[in-house]
Every structure is written in structure tokens, then in C-alpha cells.
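1 is the number of the first residue of the sequence shown in the UniProt record's numbering; add one for each residue after it.
Beta carbons: idealized from backbone N, C-alpha and C, even for Gly.
Contents: one structure, followed by commentary.
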Amino acid sequence: MFKALLLSQVEGKTHAEVRRLDVADLPEGEVLVDVAYSSLNYKDGLAVTGTGKIIRKFPMIPGIDFAGTVAESASERFKPGDQVILTGWGVGERYWGGFAQKARVKADWLVPMPTGLDAKQAMIIGTAGFTAMLCVMALEEAGVTPASGKVVVTGAAGGVGSVSVLLLSQLGYHVVAVSGRPETQDFLTGLGAKEFISREEMSRPANPLESQNWAGAVDVVGGSTLARVLAEMQYGGAVAACGLAGGFELNTTVMPFILRNVSLRGVDSVSCPQERRVKVWERLAAAMPPSAYAELGCAIALEEVPQAAKDILAGRIQGRLLVNLNL
Numbered sequence: 001m002f003k004a005l006l007l008s009q010v011e012g013k014t015h016a017e018v019r020r021l022d023v024a025d026l027p028e029g030e031v032l033v034d035v036a037y038s039s040l041n042y043k044d045g046l047a048v049t050g051t052g053k054i055i056r057k058f059p060m061i062p063g064i065d066f067a068g069t070v071a072e073s074a075s076e077r078f079k080p081g082d083q084v085i086l087t088g089w090g091v092g093e094r095y096w097g098g099f100a101q102k103a104r105v106k107a108d109w110l111v112p113m114p115t116g117l118d119a120k121q122a123m124i125i126g127t128a129g130f131t132a133m134l135c136v137m138a139l140e141e142a143g144v145t146p147a148s149g150k151v152v153v154t155g156a157a158g159g160v161g162s163v164s165v166l167l168l169s170q171l172g173y174h175v176v177a178v179s180g181r182p183e184t185q186d187f188l189t190g191l192g193a194k195e196f197i198s199r200e201e202m203s204r205p206a207n208p209l210e211s212q213n214w215a216g217a218v219d220v221v222g223g224s225t226l227a228r229v230l231a232e233m234q235y236g237g238a239v240a241a242c243g244l245a246g247g248f249e250l251n252t253t254v255m256p257f258i259l260r261n262v263s264l265r266g267v268d269s270v271s272c273p274q275e276r277r278v279k280v281w282e283r284l285a286a287a288m289p290p291s292a293y294a295e296l297g298c299a300i301a302l303e304e305v306p307q308a309a310k311d312i313l314a315g316r317i318q319g320r321l322l323v324n325l326n327l
């Protein structure tokens, strides 16, 4: 028997409850993992609270990522005792996920733990950090270097935003953080942000073109904020867009693209190819300073997830929230 957070739907409303399940209750898969840590992401908040239509089939164990130890394996790629990470692939949405002490999944969804990381560190990074590194790599591949100019990060105090600030600053970029919470400035300064802009300022309606402020951008907000970011890009700049915390619509013009040669690069972490996943995790293991794990991560128990899910949607979470499955 093991503990799991099980979502059910009662009279059209999502209900979350910590239950005891048997291994036989788990879905089919080639690898059984003893889960040590998961993490709470914005998408998890939507799923657990039922705010977004993330879950369409119940019952469901949410948790879009996890790290742990292989207990059983029918795959040649993994053997019992191997340390593994899972992010994406619809786990925690279409397939039972990481908010449980055990998970059974396809071998192709797992990535070996890179040298230098353990399960706790991997989930402090989690899907948010994985996405952040994908954004950084997208900017690098678009030719944005530290010498190109300032890089702006929207939603900087959240999971993806905070790790983006850290990674970009570690790589030598001048990072400008956008946040709606003035009280997060010390936290973001500690991660390497050099300047700050309020959420209100960056969400104001923009003209087709504004002053050229940014060589690069990581946007997790979408909506009017992304429209303003695009209007303020330097010639040849690039934006890595990976979120919609401020809305899924984008009302903009073609002007930044055809007059300033700006590129808008979409970043998806769910279906990222396996080869690139391995490369991303290797880079994360090398890039993350040891001190960052304590600054970024705060651990909660499985029983605390339902309230924390409400908090993350309300913007009350700073950095990364770790779910310790052994608490």
C-alpha cells in the first residue's frame, strides 16, 4: 500500500483526497518507480483545484513531474536502483502522475538522473526549471548572447520565471525581472536580477512599436504582457514564450517581426524529444549553483498540496514548491 493524492469528480466539482492505494491499482507501464519527490507547478494548481480543464478522466493522480528510484523494470534501459526523472508526456493530466509514493510509467518517459543531481535537487528544478532551460537554449539558438543587451523575464517570481532569472544571470546576461509582487525583489536580487519592472507597467497596452529595450525575453505570462514585450524588442531580438498565466490571447501586430526582425519562439516541455531532454538535464546539473537549491525550494507534505494548489493560482508562491512524498 502507498499514499497518493487522488482526484475525483463529484457533481461536476473536483475533489482531492489523500488515499491509500495498492500497487495493483496503478496503470500499466514498463517501469515502477518509488517516488521520492514531486513538485507543485501552475498546471498542477489548475488540475488539483479543478480551475482549468486539465483533467478529463477521473479518478486521477495529479503531479506533472517526479523523481525517484526504479523499483521494478521490464525495460532494458532501466534496472532496479536506478535514479530517474520524469517531466511532461501528459503525466498528471492524462496519465497518473507524481503526487503518490509510487508510479508506473513507460520507460520512454523517463530520463536517467544526471551526474551531480539527486531526486530532491531534480524536483527543485522540476518541470519549471526544465522549461526555463529550454527557454534559455531557445534564446541562445536565436543568437541572443550576454553582449546583445538586456533580457527581460516576466512572471519572474514564479517557478519558470525564477529559475530563468537564475540561469540567465549565471550565464552572464543582464536580467530585468517583471513581477507583480514588490516583496519578491530581495529574492530575485539573490537569484541575479539587476533591475525590476512592475507587472502593471509591463501589461499596459502597447503601440505597434515601442522603445527598443530587450535583446531577449522569457515570457510566462502571455496576453497583454507578451504584446508589450514584443513591441519593446531590439532589432534581431528573440522571445521565448512558454506560458499563459496572464491570458492565452495575443493581440499584437506584425510590426516587430517585419521591421525589427524579431522572432517569437514557442517553448513546449511536454513533448520535448528524448535526446533534447537529456541534454537539458545535463546543462541544468552543470549550471545550477549549489546555493540555489536552498534559495529556490521549499518542501511540503502530500496532505498540504490542495491548499498549496490554491496558493499558487493566487500568486502567493515564491520560487519552487517541492512535494516530499516521504513526509
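1) State the DSSP-derived secondary structure class of GLY266, mapped to helix, strand or coil.
2) State the Cα-Cα distance for the pair ILE55 and GLN274, rounded to the nearest angstrom.
3) May I ask you to report which of helix, strand or coil DSSP gives ARG94?
4) Could you check if residue 365 is buried or exposed, using at least 16 other CB atoms within 10 Å of its CB as the buried criterion?
5) Alpha carbons only, please: which of GLY68, ALA227, VAL221 is nearest the one belonging to ASP34?
6) Would you kindly report the start and end of the unbroken alpha helix (DSSP H) that includes CYS135?
7) Please go through the same chain and pick out, in chain order, the residues whose beta-carbon is closer than 8 Å to the beta-carbon of ASN251, but skip the five residues on each side of it.
8) Closer than 7 Å by C-beta to SER38: which residues in its own chain qualify, once you throw out the five before and the five after it? Chain order, please.
9) Taking only runs that begin and end inside the segment 11 to 70, name each unbroken alpha helix (DSSP H) of 4 or more residues, in chain order.
10) Buried or exposed for ASP186, please, with buried defined as at least 16 other CB atoms from any protein chain shown within 10 angstroms of its CB.
11) Exposed or buried, what is ASP268 when buried is set at 16 or more other beta-carbons lying within 10 Å of its beta-carbon?
12) Taking the alpha carbon of GLY161 as the reference point, which residue from ALA132, SER263, GLN9, GLY266 has its own alpha carbon closest?
13) Tell me the DSSP bridge mates of MET233?
14) According to the neighbour-count rule (16 or more other Cβ atoms, all chains shown, within 10 Å of its Cβ), is THR127 buried or exposed?
15) What residue range does the alpha helix (DSSP H) around LEU167 cover?
16) Between which two residues does the beta strand (DSSP E) harbouring GLY297 extend?
17) Which class does GLN318 belong to by DSSP, given the choice of helix, strand or coil?
18) So, with DSSP's three-state summary, where would you put SER291?
19) With H, G and I counted as helix, E and B as strand and the rest as coil, what does DSSP make of GLU195?
20) Under a Cβ-count criterion, where at least 16 other Cβ atoms within 10 Å of its own Cβ denotes burial, should ALA232 be classed as buried or exposed?
21) On the criterion of 16 or more Cβ atoms from any shown chain inside 10 Å, does TYR235 qualify as buried, or is it exposed?
22) Cα-Cα, which of GLY129, TRP89, LYS279, LEU296 is closest to THR115?
23) Check THR87 in the structure and name its three-state DSSP category.
24) So, do the segment 246 to 260 and the segment 284 to 294 have three or more beta carbon pairs nearer to each other than 8 Å?
25) VAL176 and VAL144 - do their beta-carbons sit closer together than 8 Å?
In this structure, then:
1) strand
2) 25 Å
3) coil
4) In the structure displayed, the chain extends from 1 to 327; residue 365 sits before or after that span and is not available.
5) GLY68
6) 119 to 141
7) SER224, ALA227
8) GLY63, ASP65, PHE66, GLY98, PHE99, MET123, VAL323, LEU325
9) 42 to 49
10) exposed
11) exposed
12) ALA132
13) TRP214
14) buried
15) 159 to 170
16) 297 to 301
17) coil
18) helix
19) strand
20) The question names Ala, yet the displayed sequence has Glu at residue 232. Buried is the call here.
21) exposed
22) LYS279
23) strand
24) no
25) no
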